[in-house]
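Peer 1: To convert, take the position in the sequence shown, counting from 1, and add 74; that gives the working numbering.
Just so it is clear, CB atoms sit at the ideal spot from N, CA and C, and this is done for glycine as well.
Just so you know, these numbers come straight off a predicted model, no measurement behind them.
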Amino acid sequence: MGGEIARHIAEAGHELTIYNRSPDRLKRWQEENPGLASRVAANPAHAALDADVVITCVGNDDDLADVVLGPNGAFRTMRKGSTFIDHTTVSARIARQISVEARDLQIQCVDAPMTGSQIGAEQGTLTLMCGGRDAAIEAARPVMEAYSSRIVHVGKAGAGQTAKMACQICIAGNIAALAEAVRFAQASHLDMDKVYEAISGGAAQSWQMDNRWSSMDADEFDFGFAIDWMRKDLGLSLEEGRGLGVSLPVAGLVDQFFAEIQAMGGGRLDTSAIVKRLPRKSRP
75 MGGEIARHIA EAGHELTIYN RSPDRLKRWQ EENPGLASRV AANPAHAALD ADVVITCVGN
135 DDDLADVVLG PNGAFRTMRK GSTFIDHTTV SARIARQISV EARDLQIQCV DAPMTGSQIG
195 AEQGTLTLMC GGRDAAIEAA RPVMEAYSSR IVHVGKAGAG QTAKMACQIC IAGNIAALAE
255 AVRFAQASHL DMDKVYEAIS GGAAQSWQMD NRWSSMDADE FDFGFAIDWM RKDLGLSLEE
315 GRGLGVSLPV AGLVDQFFAE IQAMGGGRLD TSAIVKRLPR KSRP
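(1) Evaluate residue 317 with the Cβ neighbour count: other Cβ atoms within 10 Å of its Cβ, from every protein chain shown; 16 or more gives buried, anything less gives exposed.
(2) For residue 107, which residues in the same chain have their Cβ closer than 6 Å to its Cβ, ignoring the five residues on either side in sequence?
(3) Tell me which same chain residues have a C-beta within less than 6 Å of the C-beta of residue 111, skipping the five on either side of it?
(4) To which residues of the same chain is residue 177 closer than 8 Å at the C-beta, ignoring the five residues directly before and after it?
(5) If you drop the 5 nearest sequence neighbours on each side, which residues of the same chain put their C-beta closer than 8 Å to that of residue 254?
(6) For a minimum of 4 consecutive residues, which ranges assigned as the alpha helix (DSSP H) are wholly contained in the stretch 121-161?
(7) For the beta strand (DSSP E) that residue 225 lies in, which residues bound it at each end?
(8) Give the DSSP bridge partners of residue 205, in chain order.
(9) Return the residue from the list 100, 94, 85 and 250 that minimises the CA-CA distance to residue 137.
(10) Pairing CB atoms from the stretch 259-268 with CB atoms from the stretch 301-318, are three or more of them under 8 Å?
(11) Is the separation between the beta-carbon of residue 161 and that of residue 130 shorter than 8 Å?
(12) Return the CA-CA distance between residue 163 and residue 189, expressed in angstroms with no decimal places.
(13) List the whole-angstrom C-beta distance separating residue 295 from residue 347, where the pair is believed to meet the contact cut-off of C-beta under 8 Å.
(14) Could you tell me whether the stretch 138-157 touches the stretch 116-123, using the rule of 3 or more Cβ pairs below 8 Å?
(15) Check residue 110 in the structure and name its three-state DSSP category.
(16) Apart from the five residues on each side of it in sequence, which residues of its chain come closer than 7 Å, Cβ to Cβ, to residue 135?
Listed below in structure tokens is the structure:
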């Protein structure tokens, strides 16, 4: 998704410097987007040198700490008055830590986890849940508008991350229920297209239904948001919930369902592969 974000930034007319911890991914992006990047950096500090805005999109807390606060991290070279935007889904704790570090360096800081899946990244229609100061959000907005259709300032530093946790709790319950509905309709020997037509216009409708009903029916899962990443996100949600004293029984149960798919070797499949844990009844 970071690659798609970078493409939209360059196509919007911004001068783009790129860095990726995986040389193969970096090379592939350059081959697919010839001439879009003005500069290729050797490390995050090199990428951030003289930049007005620095954007990160990595994997987890440790990855983010390394590329931002590490020996070759972006904060080593970012100048006063510049803006830092992070799109990684991480803990609220590290988002707040980075915000404090940014404040001391007089850097504007926004934690802006996203939703909209790979499709949203490709089309530039992501939704961003932003935490940070008003001034930081406004400084980041002109660049974020290049690849998002909805930018919502939900609160102070870390609030973007907690909003994303709420989002993932909703998605987990939704996709698990959708999987059961798909298997139920299949076992009833119904025309799956007709069922979708009938129920997608009412209260059952969801993004997951619109985008995953047909692919789940066809057992196609090699795309979209990976189960490995969803389990990471749900882990953050469950940990935050424990700290808040909030019970999340559905999220915890669906997390176990995803673990079953991981055990089957499906960790890199789309989250809709949760349907694979339910036996498919053969058609007559």
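Peer 2: Well, looking at it:
(1) When all chains shown are included, residue 317 counts as exposed.
(2) 81
(3) 90 and 92
(4) 183
(5) 352
(6) 135-143
(7) DSSP places residue 225 in the uninterrupted beta strand (DSSP E) bounded by 222-229.
(8) 185 and 229
(9) Minimum Cα distance to residue 137 is reached at 94.
(10) no
(11) yes
(12) In a straight line, the C-alpha of residue 163 is about 10 Å away from that of residue 189.
(13) Correct: roughly 4 Å between the Cβ atoms.
(14) Here the stretch 138-157 lies against the stretch 116-123, with 3 or more beta-carbon pairs under 8 Å apart.
(15) coil
(16) 164, 165 and 168
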